[in-house]
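Here's the structure we're looking at; comments come further down.
There are 2 protein chains.
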Amino acid sequence: MSLVVQKFGGTSVGDADRIRAVADHVARTRRAGRDVLVVVSAMGKTTDDLLRLAGDVSSVQPPRELDMLLTSGERVSMALLCMALAELGVEAVSFTGSQAGIITDATHTKAKIVEVRGDRLREALAAGKVPVVAGFQGVSTDRDVTTLGRGGSDTTAVALAASLSADACEIYTDVTGVFSADPRIVPEARRLARVSFEEMLEIAASGGRVLALRSVEFARNHHVPLHVRSSFTWEPGTWVSEEDPLMEQAVVTAVTHDASEAKVTVTGVPDRPGLAARLFRALAERNVNVDTIVQNISLHGTTDISFTVPKVDLAASLEVARDLAPGIGAGEVLSDDDVAKVSIVGAGMRSHPGISAKMFEVLAQQGVNIEMISTSSIRISCVVRAGAVESAVQALHEAFDLAG
Amino acid sequence: MSLVVQKFGGTSVGDADRIRAVADHVARTRRAGRDVLVVVSAMGKTTDDLLRLAGDVSSVQPPRELDMLLTSGERVSMALLCMALAELGVEAVSFTGSQAGIITDATHTKAKIVEVRGDRLREALAAGKVPVVAGFQGVSTDRDVTTLGRGGSDTTAVALAASLSADACEIYTDVTGVFSADPRIVPEARRLARVSFEEMLEIAASGGRVLALRSVEFARNHHVPLHVRSSFTWEPGTWVSEEDPLMEQAVVTAVTHDASEAKVTVTGVPDRPGLAARLFRALAERNVNVDTIVQNISLHGTTDISFTVPKVDLAASLEVARDLAPGIGAGEVLSDDDVAKVSIVGAGMRSHPGISAKMFEVLAQQGVNIEMISTSSIRISCVVRAGAVESAVQALHEAFDLAG
Chain A
-3 MSLVVQKFGG TSVGDADRIR AVADHVARTR RAGRDVLVVV SAMGKTTDDL LRLAGDVSSV
57 QPPRELDMLL TSGERVSMAL LCMALAELGV EAVSFTGSQA GIITDATHTK AKIVEVRGDR
117 LREALAAGKV PVVAGFQGVS TDRDVTTLGR GGSDTTAVAL AASLSADACE IYTDVTGVFS
177 ADPRIVPEAR RLARVSFEEM LEIAASGGRV LALRSVEFAR NHHVPLHVRS SFTWEPGTWV
237 SEEDPLMEQA VVTAVTHDAS EAKVTVTGVP DRPGLAARLF RALAERNVNV DTIVQNISLH
297 GTTDISFTVP KVDLAASLEV ARDLAPGIGA GEVLSDDDVA KVSIVGAGMR SHPGISAKMF
357 EVLAQQGVNI EMISTSSIRI SCVVRAGAVE SAVQALHEAF DLAG
Chain B
-3 MSLVVQKFGG TSVGDADRIR AVADHVARTR RAGRDVLVVV SAMGKTTDDL LRLAGDVSSV
57 QPPRELDMLL TSGERVSMAL LCMALAELGV EAVSFTGSQA GIITDATHTK AKIVEVRGDR
117 LREALAAGKV PVVAGFQGVS TDRDVTTLGR GGSDTTAVAL AASLSADACE IYTDVTGVFS
177 ADPRIVPEAR RLARVSFEEM LEIAASGGRV LALRSVEFAR NHHVPLHVRS SFTWEPGTWV
237 SEEDPLMEQA VVTAVTHDAS EAKVTVTGVP DRPGLAARLF RALAERNVNV DTIVQNISLH
297 GTTDISFTVP KVDLAASLEV ARDLAPGIGA GEVLSDDDVA KVSIVGAGMR SHPGISAKMF
357 EVLAQQGVNI EMISTSSIRI SCVVRAGAVE SAVQALHEAF DLAG
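Protein chains in written order, with our numbering: chain A, -3 to 400; chain B, -3 to 400.
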């Protein structure tokens, strides 16, 4: 019998009515003749509530105890979902991360999965039951409870789908799929029926919020087709899968944007080997997640290095850069948090020259000044003024004819 | 170093302030040079809230999933308590029932402890840490999460104290100890400094609500001294321990009462062997917890059998008795839920004749009619009209001079 993994996020199981709706959908899938394994997140705002409570109790929050605290959330949603399924006559059985055999390293609050055992899940499936597994959590090689960090429930679902050779992993959420642009900014944005893993990775990395980068990487590496869809409308959503070599690729698939980052520039960096390395090593040691890095050629023995970082990490980044600059003979360190990034993504770009030229022309026609450029083989990103980003997204969406 | 187990109930960890107060107390105990192992219940009304939510989701609640649901509560309180301890510089580490090695049978919602492994607790203590263990929960021999039912957290604490050879098990609660009568009814009731296990068992069984019967039995069987005390005033409370054979026992230690039961009478039961057995077997099969049973001698070839049951089980009890009565040639089945039981308890009763006579005289002087009588070697209980129970308790407390 074919097996599908269905993952339901926090809003999908946000209250008693929603849990019953999810149970109904799982029961229908089951009755349609498919085996189902369910992965659930904590209900709605549970995690935020628990974090607030922890803040009220103590300013010191050991990561091990934070993980113990937060993993209470999925226990509630998974037990309730099993009860709702029981009422519909579907025998379901809940499993914690530990019981499901999700073995992780010992890095609390952002553990990595090192092994998926899944024996009890296989037994439950073989007995005709629906396993309901806690997303986001695992057990470490030290036998402690761990959490997988941001996007963790998606990662759990993908890891289980890979381990159990599921036909697909359905990620249910509060939107109907992946769009050609954010529909709040571009009302005519189109839901994409299919994107490749590579495109999805670039979309996720450049501001698309539907799927966490990490779960997409995991799915690509393990060849697990993803189906991103809505638990409110239940309509078919967006398939994320291998590129089909026989199909012509769209040149541009989506326009994305990201206003969560700030720009830092270290001016007058001497043109000597190893200086950039020292800067980015120092940033890495402060756990700053550097995104785009741009360095131009050196004309007068010095160069300027610019990079973007999450706004929450700006203060730390400036501290690092300003500590380092005098010692390496660099000049001023400048920052700007009034910026945003607009990107176009498309697998067809590889074989179509001139896309970047067209992008820059469109932005110029809008009077949008480009402050930084970075590219991959299937993405072009421009850092612009934050106030210009919405009109940039709209103009690019129209120019590349993404409304279809 | 001496080890003390400290157990904190739901009201003791009811909110962030209370958790900080508990952490402060644990830290002081630690600084006073004792090793501490903490057992916590879920915060305040968590369990009620979860049960309400489960009722909203489904009318079918498989016991395994109910246990999975409810065990989320202690995760929250224990993780938060560890955080509060961390802020006070005390290294604490939380353990679920499973991690603590509380192995139970597979009877969900009222599992029995079959083994306490406790290796991780010993390791944590040896490393100078304070283990904080989830009360009420364990893991079954089938590797499923179980709960211990009513009074479960007390039982966890006593079982761990026994397994780790603790010097004492402190049960912190919202009252300051065990009293000679309910202080709401008898304002001059005295807090008892010390009661024997046997007395405590009788007090718990006859209406004293401070400790669950089961945890007292466990403590007696494993020789664990209990100290029942308040987490609000922190003053010394009541010690529950072995009877001291060298000490003169008080004749009467406490007056208790219980208004939670109803009386059932099966009239005209033929005087043949096995009929009572059939009745009480049938009640047991419906999970009715029968308390007092009274059967008088048979005068005319038939007898009346009366028994008390929790009011919530009255309907089921009547059904059972009325189904059975015709088949065994018995007469009418009567019931009365306007009754209450008043008891006197005291280890000294064994060696003092005439206590029951005095009790009956006191009740007679109050004009209280006695409807049923049952006794043990250290307890005498009378079922009376519900409306008469408070004055009965007051009169007995005064007559036996319990205000001290």
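Don't be surprised by glycine CBs; every beta carbon is placed ideally from N, CA and C.
inquiry  = Rounded to whole angstroms, what is the Cα-Cα separation between B/Val53 and A/Leu121?
reply    = Approximately 24 Å between the Cα atoms of the pair.
inquiry  = Using a Cβ-Cβ cutoff of 8 Å, what residues of the region 37 to 57 of chain B are near chain A? List them in chain order.
reply    = If the cut-off is 8 Å between Cβ atoms, the region 37 to 57 of chain B has Leu46, Leu49, Ala50, Asp52, Val53, Ser54, Ser55, Val56 and Gln57 near chain A.
inquiry  = Let me make sure I understand the geometry here. Which of B/Ser226, B/Glu244, B/Ala162 and B/His223 has the alpha-carbon closest to that of B/Met345?
reply    = Ranked by Cα distance from B/Met345, the options B/Ser226, B/Glu244, B/Ala162 and B/His223 are led by B/Glu244.
request  = Examine chain A for any beta-carbon lying closer than 8 Å to the beta-carbon of B/Ala82, and answer yes or no.
outcome  = Flagged as an interface residue toward chain A: B/Ala82, by a C-beta distance shorter than 8 Å.
message = Distance check for B/Ile289 and B/Ala353, CA to CA, integer angstroms please.
response = Cα-Cα distance, rounded: 21 Å.
request  = Go to A/Val329, then tell me how far its beta strand (DSSP E) extends in each direction, as first and last residue.
outcome  = From DSSP, the beta strand (DSSP E) with A/Val329 extends over Val329 to Asp332.
query = What do you get for B/Gln361, buried or exposed, if any count of 16 or more other CB atoms within 10 angstroms of its CB means buried?
reply = Sixteen is the threshold: since fewer than 16 other Cβ atoms of the shown chains lie within 10 Å of the Cβ of B/Gln361, the residue is exposed.
inquiry  = Under 7 Å: does the beta carbon of A/Ser55 sit that close to some heavy atom of the ligand COA?
reply    = Among the components modelled here there is no ligand, and therefore nothing to report on the ligand COA.
request  = Indicate whether at least one CB of chain A lies closer than 8 Å to the CB of B/Val72.
outcome  = With a threshold of 8 Å between beta carbons, B/Val72 makes contact with chain A.
query = With DSSP run on the structure shown, which of helix, strand or coil describes A/Leu(-1)?
reply = Looking at A/Leu(-1) - three-state DSSP - the assignment turns out to be strand.
query = Looking at the C-beta of B/Leu65, does it have a partner C-beta in chain A at a distance below 8 Å?
reply = It does: the Cβ of B/Leu65 has a partner Cβ on chain A nearer than 8 Å.
key: Same chain, Cβ closer than 7 Å to B/Ala336, five either side skipped, listed in chain order   = So the qualifying residues of the chain are His253, Asp254, Ala255, Val380, Ala382 and Val385.
query = So, are the CB atoms of A/Val262 and A/Asp319 less than 8 Å apart?
reply = Against a cut-off of 8 Å, the Cβ pair of A/Asp319 and A/Val262 comes out as no contact.
B/Gly173 beta carbon less than 8 Å from that of B/Gly233 = Between B/Gly233 and B/Gly173, the gap from beta carbon to beta carbon is short of 8 Å.
task = Kindly list the residues whose CB is nearer than 7 Å to the CB of B/Cys78, restricted to its own chain and excluding five residues on each side of it in sequence; keep chain order.
result = Ala88, Val89, Ser90 and Val128.
task = Go through its chain and collect everything with a Cβ distance to B/Asp31's Cβ below 6 Å, but skip five positions before and after it.
result = Answer for B/Asp31: Met(-3), Leu(-1) and Leu121, listed in chain order.
request  = Determine the closest residue to B/Ala321 out of B/Ser227, B/Arg14, B/Leu279 and B/Ile369, with distance taken between C-alpha atoms.
outcome  = Nearest of B/Ser227, B/Arg14, B/Leu279 and B/Ile369 to B/Ala321, Cα basis: B/Leu279.
task = Could you tell me the boundaries of the alpha helix (DSSP H) in which B/Glu194 lies?
result = Taken as a continuous stretch (DSSP letters only), the alpha helix (DSSP H) holding B/Glu194 covers Phe193 to Ala201.
key: Contacts around A/Pro306, its chain only, beta-carbon distance under 7 Å, and the 5 residues preceding and following it disregarded   = Same-chain partners within the cutoff: Ser256, Glu257 and Asn285.
Distance between beta carbons of B/Val1 and B/Ala208, contact taken as under 8 Å = Contact flag wrong, Cβ pair sits at about 16 Å.
query = Taking C-beta to C-beta, are B/Glu195 and B/Val341 nearer than 8 Å?
reply = A contact, by the Cβ cut-off of 8 Å.
Beta-carbon proximity list for A/Gly325, same chain, < 6 Å, skipping 5 on both sides = Excluding residues within five positions, the ones whose Cβ falls inside 6 Å are Pro266.
ask   = What is the C-beta distance between B/Ala80 and B/Ile15, in whole angstroms, given that I count them as a contact (C-beta under 8 Å)?
value = Right, the Cβ-Cβ distance comes to about 5 Å (below 8 Å), so this counts as a contact.
ask   = Does the beta carbon of A/Gln133 sit closer than 8 Å to a beta carbon anywhere in chain B?
value = No, because no Cβ of chain B sits closer than 8 Å to the Cβ of A/Gln133.
key: Buried versus exposed, by CB contacts within 10 Å (16 or more), B/Ser94   = Around the CB of B/Ser94, 16 or more other CB atoms lie within 10 Å, so the residue is classed as buried.
B/Gly134, buried or exposed, once every other Cβ within 10 Å from all chains shown has been counted against 16 = Counting the other Cβ atoms within 10 Å of the Cβ of B/Gly134 gives 16 or more, which makes it buried.
C-beta contact flag for B/Thr298 and B/Gly264 at 8 Å = Yes, they are a contact pair.
request  = Could you list the residues in the region 0 to 28 of chain B with a C-beta less than 9 Å from some C-beta on chain A, going in chain order?
outcome  = Result list: Asp11, Ala12, Asp13, Ile15, Arg16 and Ala19.
request  = Could you give the DSSP three-state label for B/Thr371: helix, strand or coil?
outcome  = Strand, per DSSP.
request  = Classify A/Gly114 as buried or exposed, calling it buried when 16 or more other Cβ atoms lie within 10 Å of its own Cβ.
outcome  = Buried: at least 16 other Cβ atoms inside 10 Å.
request  = May I have a chain-ordered list of the alpha helix (DSSP H) segments no shorter than 4 residues that lie completely inside the region 105 to 160 of chain B?
outcome  = For the region 105 to 160 of chain B, whole alpha helix (DSSP H) runs of length 4 or above, ordered along the chain, are 115 to 122 and 148 to 159.
task = May I have the straight-line CA-CA distance separating A/Pro183 from A/Asn283, to the nearest angstrom?
result = Here the C-alpha atom of A/Pro183 lies approximately 37 Å from the C-alpha atom of A/Asn283.
request  = Kindly say whether A/Arg60, judged by its beta-carbon, lies nearer than 8 Å to any beta-carbon of chain B.
outcome  = Interface residue, yes.
key: Candidates A/Asp334, A/His296, A/Asn292 and A/Leu295: closest to A/Leu310 by CA position   = Relative to A/Leu310, the option among A/Asp334, A/His296, A/Asn292 and A/Leu295 whose CA is nearest is A/Asp334.
request  = Can you grab the Cα-Cα spacing for the pair B/Ala177 / B/Thr249, in whole Å?
outcome  = Distance from the CA atom of B/Ala177 to the CA atom of B/Thr249, rounded to whole angstroms, is 9 Å.
inquiry  = Cβ closer than 7 Å: which chain B residues qualify as neighbours of A/Lys78?
reply    = The amino acid at residue 78 of chain A is misidentified as Lys; the sequence shows Cys. Simply Pro58 and Glu61.
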